[in-house]
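Quick notes on the structure that follows.
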Amino acid sequence: GVDDELVGARVVALGYRPCGACARCRVCCPTACSELELRGRSRGGGLAETVLLNANELVEVPTDVTLEDAALTHHLGSAVRAVRRSPNRAGDRLAVIGATPLGLAMTAVAVAAGHGKVAHVTDDPDGCAATQRGAQAVATPTDAARWDELRAALGGHGPDVAVECTGNAGARLAAIELV
7 GVDDELVGAR VVALGYRPCG ACARCRVCCP TACSELELRG RSRGGGLAET
57 VLLNANELVE VPTDVTLEDA ALTHHLGSAV RAVRRSPNRA GDRLAVIGAT
107 PLGLAMTAVA VAAGHGKVAH VTDDPDGCAA TQRGAQAVAT PTDAARWDEL
157 RAALGGHGPD VAVECTGNAG ARLAAIELV
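Counting in this note's numbering, the sequence shown runs from 7 upward without gaps.
Below you can see the structure in the form of structure tokens.
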């Protein structure tokens, strides 16, 4: 059945389902579960139009968070970990490549972490989603003039660090060329 408290609620789904019974789950590390099921990999639902979930796999979205931003929560943990583990430091110039959910989460996290300048490289010529998350500059990969604008927005230099968030070979090359 459906939990009556969740009917009509704004929720996001966890990207995983722990077993709840193994030693790791019992010791409070469900993401290290020995039987962890990942949505879209070991179980369906990664890009499904509908998916059946248990109530404990849902997190209610606060009313002051947009559903668009809530959709990025799955990628937020990856972005936080990447920023924490990266060699870049507060004040550094950072280029994020890709307007994927991970790329947008990376932009927001880098801005929140205090990076001096964050530029976003995207196929979206307006770059609205990236600028809404704090990017100070946006460039399209096929427009040389926009590359110059990106460098100018970063203080006349290329970025100190480039983060590729698409999985595309051309984007990886662009990241290497930027730094």
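Every residue gets a Cβ at the ideal spot worked out from N, C-alpha and C, and that includes glycine.
* To do: Give the range of the alpha helix (DSSP H) segment to which Glu-66 is assigned.
  => Note, Glu-66: premise wrong, no alpha helix (DSSP H); beta strand (DSSP E) at 64-66.
* From this set, Gly-162, Ala-143 and Asp-129, which residue's C-alpha is nearest Asn-174's C-alpha? -> Asp-129
* If we ignore side chains and look at the alpha-carbon of each, how far apart do Ser-48 and Pro-24 end up? -> 12 Å
* Identity of the residues DSSP links to Val-144 by a beta bridge -> His-126
* Under the assumption that Leu-73 contacts Arg-16 (Cβ atoms under 8 Å), give the Cβ distance between them as a whole number of angstroms. => 7 Å
* Asked: Going by C-alpha distance, which of Ala-118, Ala-96, Arg-90 and Val-124 is nearest Val-102?
  -> Val-124
* May I ask which residues mark the beginning and end of the alpha helix (DSSP H) holding Leu-82? => 79-91
* Asked: Distance, Cα to Cα, Ala-61 vs Cys-34?
  -> 19 Å
* Option nearest Gly-14 by Cα separation, candidates Ala-85, Val-167 and Thr-69 -> Comparing alpha carbon positions, the residue from Ala-85, Val-167 and Thr-69 closest to Gly-14 is Thr-69.
* **Identified DSSP bridge partners for Arg-45** => Arg-49
* **Candidates Gly-50, Asp-166 and Val-65, of which the one nearest Arg-95 by Cα** => Asp-166
* Going by Cα to Cα distance, which pick from Gly-97, Asp-98 and Thr-113 is closest to Gly-104? -> Thr-113
* To do: For Leu-44, I'd like the list of residues in its chain whose CB is within less than 6 Å of its CB, leaving aside the five on either flank, ordered along the chain.
  => Tyr-22
* To do: Give me whichever residues DSSP pairs with Leu-100 in a beta bridge.
  => Val-124 and Val-167
* Can you tell me which of the three DSSP states Thr-27 falls into? => Sequence inspection shows Ala at residue 27; the Thr mentioned does not correspond to that position. Here Ala-27 sits in coil by DSSP.
* To do: Could you check if Glu-170 is buried or exposed, using at least 16 other CB atoms within 10 Å of its CB as the buried criterion?
  => Buried, because 16 or more other Cβ atoms sit within 10 Å of the Cβ of Glu-170.
* **Per-residue burial, Ala-27 [other beta carbons within 10 Å of its own, 16 or more giving buried]** => exposed
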